[in-house]
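**Q** Residue 255 is where the sequence shown starts when you use our numbering, and the numbers rise one by one after that.
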Amino acid sequence: MSTTGDDRTKGPEQEPGGEAAGPDRPLDELDHAIVGLLQQDGRMAYRQIARELDVSEGTVRFRVNRLQTSGVLTVIAIADPHRMGYQVLAFSLLSVDLDRQKEVVDTLAEWDEITYISSCTGRADLYVQLVCRDHDHMWHLLYERLPAVEGVTKAETFMELKMHKVSYGYR
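(1) What's the call for Leu352, buried or exposed, on a 16-neighbour Cβ count within 10 Å?
(2) Secondary structure at Leu281, three-state DSSP: helix, strand or coil?
(3) With Thr411 and Val350 assumed to form a contact (beta carbons below 8 angstroms), what rounded beta-carbon distance in angstroms separates them?
(4) Tell me whether the beta-carbon of Thr490 lies closer than 7 angstroms to the beta-carbon of Val403.
(5) Would you check if the distance between the CB atom of Val385 and the CB atom of Glu367 is smaller than 7 angstroms?
(6) Just to confirm my understanding: we take Gln355, look at its own chain, exclude 5 residues before and 5 after, and list those with CB closer than 8 angstroms. What are they?
(7) With a 10 Å radius around its C-beta and 16 neighbouring C-beta atoms as the bar for buried, classify Ser346 as buried or exposed.
(8) So, are the CB atoms of Val358 and Ile371 less than 7 angstroms apart?
(9) Which two residues bound the contiguous beta strand (DSSP E) that contains Glu410?
(10) Out of curiosity, what's the CA-to-CA distance linking His389 and Met298?
(11) Give the C-beta separation of Ala333 and Glu414 to the nearest angstrom, bearing in mind that I take them to be a contact with Cβ-Cβ under 8 angstroms.
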């Protein structure tokens with residue numbers, strides 16, 4: 255690395271211990287372990303992660319930064335929808351005119367009540383997750399707003415009765 259202070263002359267950033275960073279570097283056991291700990295507690299201090307994994311705090315800081323920069327890891331707060339005032343959760347399978355699918359997705363992505371949209375295979379084209387304050391709010395979405403979206407041809411909606419597991423723990 256250059257000692258002149260000119261960032262343009264620096265070589266690849268080095269991890270403590272000499273390993274070169276790079277966006278194409280495959281994830282190793284340490285990366286997976288760090289992600290796993292942050293999935294349990296997104297606010298866990300680097301010092302605590304380092305202690306649990308028996309590595310230096312600098313290594314943890316470097317790895318987390320690389321994981322975030324490469325798009326592998328985003329640390330966010332996940333609010334409990336019920337405690338936020340959304341008492342009715344549901345998901346809808348939507349059939350759409352395929353030539354208008356992008357337009358439908360773009361329209362629905364603007365709705366605050368829709369928390370997730372994905373294209374899918376099977377009897378529908380889109381999977382949509384909805385959160386609503388109450389049944390009247392859900393009715394308004396399903397019978398007034400959704401039918402007004404050009405390109406939606408059918409909606410099959412399933413009300414959530416009880417959530418048994420929520421996990422974003424991919425390993």
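Ideal Cβ positions, reconstructed from N, Cα and C, are used throughout, including at glycine.
**A** Quick answer:
(1) exposed
(2) Coil.
(3) The pair is not a contact, with the Cβ atoms about 15 angstroms apart (cut-off 8 angstroms).
(4) The chain is shown from 255 up to 425; residue 490 falls before or after that span and cannot be answered.
(5) yes
(6) If we look at Gln355 and ignore the five residues flanking it on each side, its Cβ neighbours are Ser373, Asp379, Leu380, Gly405.
(7) Buried, by the Cβ-count rule.
(8) no
(9) 406–413
(10) 38 angstroms
(11) Contact doesn't hold; Cβ gap of about 16 angstroms is too wide.
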